[in-house]
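Protein chains in written order, with our numbering: chain B, 2 to 478; chain G, 2 to 478.
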């Protein structure tokens, strides 16, 4: 255990708050509930951005940008939507020194303003589908905030699509859920459970909401991305109509889907340990750090030179840094980079130069087991392979942890015990009132009704009524 | 002249407003002064983003993100700053259903909130320099707005750096001015004049402001990017202090620099013509469009197949689209893509397949001169070369236009005439009052005092006083 960091077992929440700041991911700002994303944390977000953006474009989407401000009256056009968001709004009442005629809301999400524009742009079935994504900041006035997990302002992407048929919109909703799951598993190395949100957890204004749910190392759930089938609700509220192929006026079918800077928090809480962050190689701002080691001043120049050569050879293949800082011991540097979660460390000393080797240490495997000699001639081949091995290893570790913390339960008592340490999985046929009772009595909620179902029938774990679906239950961030 | 577009000579301003909308760059939003950046315009911005971001990182900068909201009291800490920005502020007075104790300003620029954070982060000379850039939206309550050129909300990047010495901060200010000039010339193909802002045109709170000034096709000036040496003004206002190597407490020296979505407007007004946009190949969302041509239905399959093959061969080298739309004639498609400014069009018809050629048409060279046959076997080699030739040609054309619209004048009367059609260049030794008089009488302003000076001495064009510098004068956007 690092002596500057609270251990996870002692207080996971405190561990999280400490490591986010110590590793320079983020800082508190003077504005209540807003965060400052520091360069190291922002670079992680840039990697998330790039990997998601690539997937969005590969599935036919384009980016655009809509205004930050939304007239208050727009939100009121969709009744469930305004009810869901009105307690969280930040409102601009003055502009250019004068009071505004109509207050402007700082966007909490953009269905309404985008719906307004789509109504203008979409006239005919030939204009469909519209497949637009936006990278933006949004504001939700949260009472209890935590860096990355719940902040008044956060960064995200929000996809907004419009389709000619219900089937196409449903297909899009599930396609983007797949994109999120694929990103989470392959890039963030986070196993996720894709599923449908229960009635009380769905997005304000949606017909159906889908989610990918991840399990953090304290056994709690984190909703890592959502995809909503909005039916014709927003099309009717904003008059998004088109002439179909038979020249009949129809309402469009719309979807929306989002993933946010919350994903940074998910990475921290899925992989981190008592030494600090453990970053998945695909997202790590620095994948490899080279630490030069010398005892005598006479060794310094040769060691630094060798370090620079190794850096140069790797620089076109991966994200590599050489730690040339003066006045810090190699041991101090090891701890520092471990705390920052760099997946792989290369140590170079005089003997390594002599033997034409480098010593490599894996962040995910502590002690001697994680260390190995790599011939200097083989670094271009072996270092990228090692990074892929780490990516896979931390994913498998997270899967094993998650699976060992999901309990199949068939009684409410068992469920109560299970959600103290992880997820419970059980038959479920509850309604909104049952969900409220469950939350009240256990602090847990229905996290999702998984897409993959066992089939067959059972009895609802809460009510005993006949049930055809199993749900995942857990306490959530 | 395209019949759907006002000609530039008839009404340049109307031409601009029309083409920005017709080419799907942007649209008006229901919120006063805010714009919607449509996918085609946003993709252009993404290209600007990527080219700038690459240059920022190559000069040692990292990205971070600071809050959208700034306490009103922060702006008041730097007296010139608050005086400059207070007429333009949007103010949040309510959050989460309650009135706020202190109103929050929606950032018009971030010197103040970033200054506050730097004061916390910077303790020692070892913490310097801090070289951070932010990509963000900002809000300035403008009275008269125009898409891209002046909007209430716009997207930009703002660099904010802190240094141990005055010399380093000045060097950084000029380095980033160089980066902007390099980007403008090499990527946007816009010739710019780098120079110092006059006293009345400088940034609110800066010691000195630098700018790159571009000339639009109507002879007016557009400030395309600015870089500010802030001295110790913000360091003193926000208490950014550090212990130097002699353990003496010093105030840091800071800079800031920004370029915005305005650059999209600059691209439109530098290169566009009566047929529509002319986009520089380095920034064009689509660099090459392939238009398949057939008369008989029996030719259709072979032509489309050839088009797809050409697209596939070029796709890894450049941004290429195949126009497979049904129900539009080739001629209609030519006009459509010309209007959208795609640099190069490839036409493929049955005879081209037979002869193993493609017909290529340059957007920047109208008529027969811009058309040529390229052997099918040579497209990978010749098409990218042609794009580079276009990039250079439109830059040279813009330089020629600019240079033929700058008049060296030595009387105030000549200056008045010159700024009706372009820029005037003249000796200048005016003060703030002289600048006010100049603007009042001519509607022109000192655009910049160019970095490159002729040397020697002269008489101020306005006052007749001895002058050691020449300035550029023009009417500005």
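Using N, Cα and C, we set each Cβ at its ideal position, and we do this for glycine too.
Look at residue 370 of chain B here: in three-state DSSP terms it is helix. Within the same chain, and ignoring the five residues on either side of residue 268 of chain G in sequence, the residues whose Cβ sits closer than 6 Å to its Cβ are 189.
Look at residue 435 of chain B here: in three-state DSSP terms it is helix.
Here residue 206 of chain B is near residue 231 of chain B, since their CB atoms are less than 9 Å apart. Residue 307 of chain G and residue 354 of chain G have their C-alpha atoms some 7 Å from each other. The count of Cβ pairs closer than 8 Å, one atom from the stretch 414-427 of chain B and one from the stretch 465-477 of chain B, reaches three, so the stretches are in contact. By a beta-carbon distance limit of 8 Å, residue 467 of chain G contacts residue 430 of chain G. Their separation comes to about 6 Å. Beta-bridge partners of residue 474 of chain B (DSSP): B/425, B/447. Using a Cβ-Cβ cut-off of 9 Å, residue 210 of chain G does not count as an interface residue toward chain B, since no Cβ of chain B sits closer than that to its own. Per DSSP, residue 279 of chain G is not a residue of any beta strand (DSSP E), being assigned neither H nor E. Nearest Cα to residue 70 of chain B within the set G/295, G/103, G/30: G/30.
Contact annotation for residue 118 of chain B against chain G: 28, 30, 37 [CB-CB distance below 8 Å, chain order]. Scanning its chain for C-beta atoms nearer than 8 Å, with the 5 sequence neighbours on each side dropped, one finds around residue 283 of chain B the residues 48, 52, 187, 188, 189, 190, 392, in chain order. Put simply, the CB of residue 10 of chain G is far from chain B, with every gap to its CB atoms at 9 Å or more. Within the stretch 117-191 of chain B, the runs of beta strand (DSSP E) that reach at least 3 residues and sit entirely inside it are, in chain order, 131-140, 154-164.
The beta-carbon of residue 248 of chain B is placed no less than 9 Å from the nearest beta-carbon of chain G.
At least one C-beta of chain B is nearer than 9 Å to the C-beta of residue 96 of chain G. Distances from the alpha-carbon of residue 348 of chain G to those of G/208, G/233, G/330 put G/330 closest. Judged by DSSP in its simplified three-state form, residue 210 of chain G adopts strand. Not flagged as an interface residue toward chain B: residue 57 of chain G, since no C-beta distance is shorter than 9 Å. According to the DSSP assignment, residue 10 of chain B belongs to no beta strand (DSSP E), since it is labelled neither H nor E.
For residue 255 of chain G, none of the residues of chain B pass the 7 Å Cβ criterion, the least Cβ distance being about 17 Å.
The Cβ-Cβ distance between residue 192 of chain B and residue 217 of chain B does not fall below 9 Å. For residue 197 of chain G, the enclosing beta strand (DSSP E) stretches over residues 193-197. Counting only residues of its own chain and dropping the five nearest sequence neighbours on each side, residue 342 of chain G has a CB closer than 8 Å to the CB of 24, 272, 273, 277, 278, 279, 280, 285, 364. Its chain contains 357, 358 as the residues whose beta carbon lies nearer than 7 Å to that of residue 376 of chain B, once the 5 sequence neighbours on both sides are disregarded; these appear in chain order. For residue 348 of chain G, the enclosing beta strand (DSSP E) stretches over residues 345-349. At least one C-beta of chain G is nearer than 9 Å to the C-beta of residue 122 of chain B. Separation of residue 26 of chain B and residue 45 of chain B (C-alpha to C-alpha, rounded to the nearest whole angstrom) is 9 Å.
In this structure, the alpha-carbon of residue 301 of chain G lies about 18 Å from that of residue 313 of chain G.
By the neighbour-count definition (other C-beta atoms within 10 Å, threshold 16), residue 250 of chain G is an exposed residue.
Around residue 92 of chain B, the same chain offers 73, 104, 105, 106, 107 as residues with beta carbons nearer than 8 Å, after the five sequence neighbours per side are excluded. In terms of Cβ geometry, residue 113 of chain G and residue 236 of chain G do not form a close pair [threshold 9 Å]. Here residue 464 of chain G carries a coil assignment [DSSP, helix/strand/coil]. Among the residues of chain G, those whose CB is under 7 Å from the CB of residue 142 of chain B are 96, 97, following chain order. Boundaries for residue 74 of chain B: no beta strand (DSSP E) harbours it, while the alpha helix (DSSP H) harbouring it runs 73-76, taken from the DSSP string.
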